[in-house]
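Position one of the sequence shown corresponds to residue 0 (numbering that gives the first Met the number 0), numbered consecutively onward. Since the structure comes first, as structure tokens, the remarks are kept for the end.
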Amino acid sequence: MSEQAKRYEQAVVDAVVAGDADKLESALRRLSKCDGIIFLNATRQLLNTDQKKSLSTAIIPNLVNTLPPFYYEDGVVYGAVYTDGVGIFARAAHRSGVGIERSVVLPIVEQARAEYDGAVLKRVQDLKAEIRELDNLLHGHSSADYKLINFGVVELLKGQALLLAAATSGQ
Numbered sequence: 000m001s002e003q004a005k006r007y008e009q010a011v012v013d014a015v016v017a018g019d020a021d022k023l024e025s026a027l028r029r030l031s032k033c034d035g036i037i038f039l040n041a042t043r044q045l046l047n048t049d050q051k052k053s054l055s056t057a058i059i060p061n062l063v064n065t066l067p068p069f070y071y072e073d074g075v076v077y078g079a080v081y082t083d084g085v086g087i088f089a090r091a092a093h094r095s096g097v098g099i100e101r102s103v104v105l106p107i108v109e110q111a112r113a114e115y116d117g118a119v120l121k122r123v124q125d126l127k128a129e130i131r132e133l134d135n136l137l138h139g140h141s142s143a144d145y146k147l148i149n150f151g152v153v154e155l156l157k158g159q160a161l162l163l164a165a166a167t168s169g170q
């Protein structure tokens with residue numbers, strides 16, 4: 000994870016702690032442009048209300064670094080703070096900050112995910128035109144092997160079709 004992605008992820012948490020829905024929206028937008036995996040994780044965690052209040056860090060090594068950053072109580076999403084729980088390797092989750100009503104968080108997260116999904120789908124669709132343009136450029140190359148170019152372009156188009164199918168399979 001890049002330093003920028005860490006800062007943007009922290010901005011999402013900070014917005015929830017501060018109870019600022021507008022900052023949450025802009026932080027999610029920035030994060031979506033930086034790191035897709037972290038964006039997906041953050042949005043999943045914002046929507047996951049099934050968080051356990053006590054977690055064991057003995058089961059999974061380095062769990063302390065992957066504890067959910069959000070805490071849910073009475074329909075409000077808060078930042079999470081962890082303290083030592085009952086037992087040696089247990090952590091107890093507690094709420095932190097002002098929080099934001101889940102009914103406010105839900106449409107913000109859904110909108111951010113829809114925008115992200117749309118942008119990714121558009122890039123995959125635009126890839127076909129880029130492949131065609133590359134094909135035209137390669138055919139003008141002075142020492143090009145046209146059989147290999149044709150084979151490569153066919154494989155790239157197959158890959159683009161697979162990416163398109165993967166991006167639309169859940170819709």
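All C-beta atoms in this analysis are idealised placements derived from N, C-alpha and C, irrespective of residue type, glycine included.
Check	Outcome
Residue from 3, 47, 125 with nearest C-alpha to residue 74	47
Span of the alpha helix (DSSP H), counted from its first residue to its last, around residue 17	2-17
Residue 77 and residue 90 closer than 7 Å at C-beta	no
Per DSSP, the bridge partner or partners of residue 26	Looking at the DSSP assignment, residue 26 forms no beta bridge with any residue, so it has no partner.
Rounded Cβ spacing between residue 23 and residue 15 (contact assumed at less than 8 Å)	6 Å
Close beta carbons around residue 42, own chain, < 6 Å, minus the five adjacent residues each side	108, 112
Own chain residues within Cβ distance below 7 Å of residue 119, not counting five before or after	166
C-alpha distance - residue 161 paired with residue 35, whole-angstrom precision	19 Å
Proximity of residue 148 and residue 136 at Cβ, strictly below 7 Å	no
Nearest-angstrom beta carbon gap, residue 11 and residue 30 [assumed within contact, 8 Å]	6 Å
Length of the line joining the Cα atoms of residue 63 and residue 84	The pLDDT assigned to residue 63 is 45, lower than 50, so where the model puts this residue is not dependable; a value taken from the coordinates is nonetheless given after this. C-alpha separation (whole angstroms): 13 Å.
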